[in-house]
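Top to bottom, those sequences are chains A and B.
All residue numbers in the first sequence are consecutive under the working numbering, ending with 112.
All residue numbers in the second sequence are consecutive under the working numbering, ending with 223.
Heads up, the beta-carbon is just placed ideally off N, CA and C, and yes, glycines get one too.
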Amino acid sequence: KQEVTQIPAALSVPEGENLVLNCSFTDSAIYNLQWFRQDPGKGLTSLLLIQSSQREQTSGRLNASLDKSSGRSTLYIAASQPGDSATYLCAVRPWHNNDMRFGAGTRLTVKP
Amino acid sequence: SQTIHQWPATLVQPVGSPLSLECTVEGTSNPNLYWYRQAAGRGLQLLFYSVGIGQISSEVPQNLSASRPQDRQFILSSKKLLLSDSGFYLCAWSVKVDEQYFGPGTRLTVT
């Protein structure tokens, strides 16, 4: 059974810092991995999708990497801003299956 | 562009009452549809998914049920709510097994 872990559970940084959020998964037979952002009381916003054949994806200040063999993904946020404060979740989808597994998330606070 | 709607946004229901949450998607055809629950302090749990009209797969045994009466409509129901049904319910869609997009969610409180 796929287990997804996100470390740390919470992170507080001053504005302007570069930071890395970690996601690990136990079964490397994944179809894709997706990073989401969730603001309090809101739905999830898709940030980046990495297919199993890809090593990384970039969108603006965000860069997500995937090392399938070691069961790890990282989300790199450059030059953090207070508006980046939110909970970040990663999720993995197995091959030919709709059972997407989510981590518990990392709650990020960027202090002005 | 595609949009996904959920209603109601918030709901307070007594134990034993029925439930009906609705999700609709616009701007796409034959999407995969999903219902998730996010309980306080816990991750998202997949409850149901559907790959087509009338096709529902259940991931977790519970007193909830789902239906897909139309291509872009997904309904989550219960005949009798339990206290443990409280949580944040999220609907999502995807094209096949591609990127998932989530709705704004419904906050359900069972009293």
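Identification of residues in the stretch 140 to 154 of chain B having a C-beta nearer than 9 Å to some C-beta of chain A yields N144, Y146, Y148, Q150, G153 and R154, given in sequence order.
Straight-line spacing of the CA atoms in T106 (chain A) and Q2 (chain A) works out to 19 Å. Classified as exposed, N97 (chain A) has fewer than 16 neighbouring CB atoms from the shown chains inside 10 Å of its CB. DSSP places R219 (chain B) in the uninterrupted beta strand (DSSP E) bounded by T218 to V222. For G153 (chain B), no beta strand (DSSP E) run applies, since DSSP gives it neither H nor E.
At a Cβ-Cβ threshold of 8 Å, V137 (chain B) and L195 (chain B) do not count as neighbours. Annotation: the continuous beta strand (DSSP E) that includes E138 (chain B) extends over L131 to E138. Boundaries of the beta strand (DSSP E) around D67 (chain A): L62 to D67. Membership of Q167 (chain B) in the beta strand (DSSP E) is indicated by the continuous run Q167 to S170. With a cutoff of 8 Å on beta-carbon distance, S179 (chain B) and S169 (chain B) are scored as not near each other. Two segments are said to touch when three or more pairs of C-beta atoms, one from each, lie closer than 8 Å; by this definition the stretch 18 to 34 of chain A touches the stretch 75 to 93 of chain A. Residue state for P143 (chain B) is assigned as coil, using DSSP reduced to three classes. Residues T221 and T223 of the same chain have their beta carbon placed closer than 7 Å to that of V124 (chain B), with the five preceding and five following residues left out of the count.
Within 10 angstroms of the beta-carbon of P130 (chain B) lie fewer than 16 other beta-carbons, which makes it exposed. DSSP links Y161 (chain B) through a beta bridge to B:Y146 and B:S169. At the C-beta level, Q54 (chain A) and L66 (chain A) come within 8 Å of one another. The C-alpha of V110 (chain A) is placed about 28 Å away from the C-alpha of A121 (chain B).
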